[in-house]
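Residue numbers (this note's numbering): 16 to 164. From the three backbone atoms N, C-alpha and C, an ideal C-beta is built for every residue, glycine too. Keep in mind it's a predicted model, so treat the numbers as computed, not measured. Read the structure below first, then the notes.
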(Lines of atoms letter the chains of each structure in order from A; the text may use other names.)
(Lines give C-alpha, C1' and ligand atoms only; values in the text may rest on other atoms or scores of the structure.)
Protein backbone atom coordinates (compact mmCIF):
# COMPACT_ATOMS: atom_id res chain seq x y z
CA UNK A 16 0.00 0.00 0.00
CA UNK A 17 0.97 3.56 0.75
CA UNK A 18 3.84 2.52 3.04
CA UNK A 19 5.65 0.79 0.14
CA UNK A 20 5.08 3.79 -2.17
CA UNK A 21 6.42 6.19 0.49
CA UNK A 22 9.46 3.97 0.96
CA UNK A 23 10.02 3.85 -2.82
CA UNK A 24 9.81 7.67 -3.08
CA UNK A 25 12.32 7.95 -0.23
CA UNK A 26 14.70 5.55 -2.01
CA UNK A 27 14.49 7.60 -5.23
CA UNK A 28 15.20 10.80 -3.28
CA UNK A 29 18.15 9.17 -1.49
CA UNK A 30 19.62 7.96 -4.81
CA UNK A 31 19.30 11.46 -6.31
CA UNK A 32 20.91 13.11 -3.26
CA UNK A 33 23.80 10.61 -3.23
CA UNK A 34 24.31 11.14 -6.97
CA UNK A 35 24.17 14.94 -6.68
CA UNK A 36 26.69 14.84 -3.82
CA UNK A 37 29.15 12.99 -6.09
CA UNK A 38 28.51 9.49 -4.75
CA UNK A 39 28.99 6.54 -7.08
CA UNK A 40 25.76 4.71 -7.92
CA UNK A 41 26.16 1.10 -9.07
CA UNK A 42 23.31 -0.74 -10.75
CA UNK A 43 22.65 -4.22 -9.35
CA UNK A 44 19.39 -6.02 -8.73
CA UNK A 45 20.03 -9.22 -6.72
CA UNK A 46 18.83 -11.06 -9.84
CA UNK A 47 18.16 -14.73 -9.17
CA UNK A 48 17.05 -14.15 -5.59
CA UNK A 49 13.32 -14.77 -5.22
CA UNK A 50 11.55 -13.73 -8.40
CA UNK A 51 13.98 -10.95 -9.32
CA UNK A 52 14.41 -11.85 -12.97
CA UNK A 53 17.88 -11.52 -14.49
CA UNK A 54 17.75 -9.03 -17.36
CA UNK A 55 14.36 -7.40 -16.89
CA UNK A 56 15.10 -6.39 -13.29
CA UNK A 57 18.12 -4.42 -14.52
CA UNK A 58 15.94 -2.43 -16.93
CA UNK A 59 13.50 -1.75 -14.08
CA UNK A 60 16.33 -0.43 -11.91
CA UNK A 61 17.62 1.84 -14.70
CA UNK A 62 14.07 3.21 -15.05
CA UNK A 63 14.02 3.96 -11.30
CA UNK A 64 17.22 6.01 -11.66
CA UNK A 65 15.51 7.92 -14.45
CA UNK A 66 12.53 8.62 -12.15
CA UNK A 67 15.03 9.86 -9.55
CA UNK A 68 16.11 12.51 -12.07
CA UNK A 69 19.48 11.14 -13.17
CA UNK A 70 20.47 11.65 -16.83
CA UNK A 71 20.55 8.67 -19.21
CA UNK A 72 24.31 9.11 -19.65
CA UNK A 73 24.90 8.87 -15.89
CA UNK A 74 22.42 5.97 -15.65
CA UNK A 75 24.38 4.01 -18.29
CA UNK A 76 27.51 4.60 -16.23
CA UNK A 77 25.84 2.91 -13.20
CA UNK A 78 25.62 -0.32 -15.20
CA UNK A 79 29.06 -0.10 -16.83
CA UNK A 80 32.12 1.85 -15.74
CA UNK A 81 31.01 2.71 -12.17
CA UNK A 82 31.11 -0.89 -11.00
CA UNK A 83 34.35 -1.58 -12.84
CA UNK A 84 36.06 1.35 -11.12
CA UNK A 85 34.94 0.36 -7.63
CA UNK A 86 35.68 -3.38 -7.66
CA UNK A 87 39.18 -4.55 -8.58
CA UNK A 88 37.87 -7.92 -9.77
CA UNK A 89 35.94 -6.05 -12.51
CA UNK A 90 38.75 -3.84 -13.74
CA UNK A 91 38.71 -5.50 -17.18
CA UNK A 92 35.01 -4.64 -17.65
CA UNK A 93 32.91 -1.48 -17.88
CA UNK A 94 34.37 0.28 -20.92
CA UNK A 95 35.56 -0.51 -24.44
CA UNK A 96 39.36 -0.49 -24.33
CA UNK A 97 42.23 -2.62 -25.60
CA UNK A 98 42.80 -5.66 -23.40
CA UNK A 99 39.43 -5.46 -21.65
CA UNK A 100 36.91 -8.31 -21.68
CA UNK A 101 34.52 -8.10 -24.64
CA UNK A 102 31.15 -7.90 -22.85
CA UNK A 103 28.87 -5.55 -24.77
CA UNK A 104 25.55 -5.15 -26.49
CA UNK A 105 24.65 -3.68 -29.87
CA UNK A 106 21.34 -1.83 -30.07
CA UNK A 107 19.55 -0.23 -33.00
CA UNK A 108 18.54 3.09 -31.39
CA UNK A 109 20.40 5.44 -29.04
CA UNK A 110 19.95 4.52 -25.35
CA UNK A 111 20.97 8.09 -24.41
CA UNK A 112 17.66 9.22 -25.96
CA UNK A 113 15.57 6.36 -24.48
CA UNK A 114 16.79 3.68 -22.07
CA UNK A 115 14.13 1.30 -23.42
CA UNK A 116 16.33 0.96 -26.52
CA UNK A 117 18.52 -1.35 -24.42
CA UNK A 118 15.73 -3.93 -24.12
CA UNK A 119 15.95 -5.34 -27.63
CA UNK A 120 19.61 -5.74 -28.61
CA UNK A 121 20.67 -6.84 -32.10
CA UNK A 122 23.31 -8.96 -30.38
CA UNK A 123 25.01 -9.44 -27.04
CA UNK A 124 28.69 -10.29 -26.69
CA UNK A 125 29.78 -12.22 -23.60
CA UNK A 126 33.52 -12.67 -23.20
CA UNK A 127 34.00 -12.25 -26.95
CA UNK A 128 31.22 -14.72 -27.90
CA UNK A 129 28.42 -13.15 -29.94
CA UNK A 130 24.82 -14.17 -29.18
CA UNK A 131 22.30 -13.04 -31.79
CA UNK A 132 18.90 -11.57 -30.94
CA UNK A 133 16.94 -14.66 -32.10
CA UNK A 134 19.03 -16.89 -29.78
CA UNK A 135 18.43 -14.49 -26.88
CA UNK A 136 14.67 -14.68 -27.51
CA UNK A 137 14.87 -18.50 -27.64
CA UNK A 138 16.80 -18.60 -24.33
CA UNK A 139 14.16 -16.35 -22.78
CA UNK A 140 11.23 -18.49 -23.93
CA UNK A 141 12.99 -21.69 -22.81
CA UNK A 142 13.58 -20.12 -19.38
CA UNK A 143 9.88 -19.24 -19.13
CA UNK A 144 8.80 -22.71 -20.26
CA UNK A 145 10.88 -24.54 -17.71
CA UNK A 146 8.98 -27.06 -15.62
CA UNK A 147 9.99 -25.70 -12.20
CA UNK A 148 8.73 -22.16 -12.79
CA UNK A 149 5.49 -22.69 -10.83
CA UNK A 150 7.36 -24.39 -7.99
CA UNK A 151 9.78 -21.44 -7.86
CA UNK A 152 6.86 -19.00 -7.65
CA UNK A 153 5.10 -21.02 -4.92
CA UNK A 154 8.34 -21.18 -2.86
CA UNK A 155 8.80 -17.43 -3.27
CA UNK A 156 5.27 -16.73 -1.98
CA UNK A 157 5.86 -19.14 0.93
CA UNK A 158 9.09 -17.29 1.81
CA UNK A 159 7.27 -13.95 1.71
CA UNK A 160 4.64 -15.25 4.11
CA UNK A 161 7.25 -16.68 6.48
CA UNK A 162 9.21 -13.41 6.48
CA UNK A 163 6.06 -11.33 6.98
CA UNK A 164 4.62 -13.19 9.99
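Over the uninterrupted beta strand (DSSP E) stretch that includes residue i, give me the two end residues.
i: residue 41; result: Counting along the chain, residue 41 falls outside any beta strand (DSSP E), and DSSP gives it neither H nor E.
i: residue 59; result: Note, residue 59: premise wrong, no beta strand (DSSP E); alpha helix (DSSP H) at 55-66.
i: residue 95; result: Run containing residue 95: none; DSSP gives neither H nor E here.
Strictly by DSSP, which residues pair up with residue i?
i: residue 128; result: 125
i: residue 104; result: 123
Is the beta carbon of residue i sitting closer than 9 Å to the one on residue j?
i: residue 124; j: residue 103; result: yes
i: residue 34; j: residue 62; result: no
i: residue 116; j: residue 128; result: no
i: residue 73; j: residue 40; result: yes
i: residue 75; j: residue 111; result: yes
i: residue 46; j: residue 57; result: yes
i: residue 43; j: residue 82; result: yes
Provide the residue span of the alpha helix (DSSP H) that contains residue i, from first to last.
i: residue 87; result: Counting along the chain, residue 87 falls outside any alpha helix (DSSP H), and DSSP gives it neither H nor E.
i: residue 75; result: 71-77
i: residue 109; result: Neither: residue 109 is in no alpha helix (DSSP H) and is coded neither H nor E.
i: residue 118; result: Unbroken run through residue 118: none, as it is neither H nor E.
i: residue 18; result: 17-35
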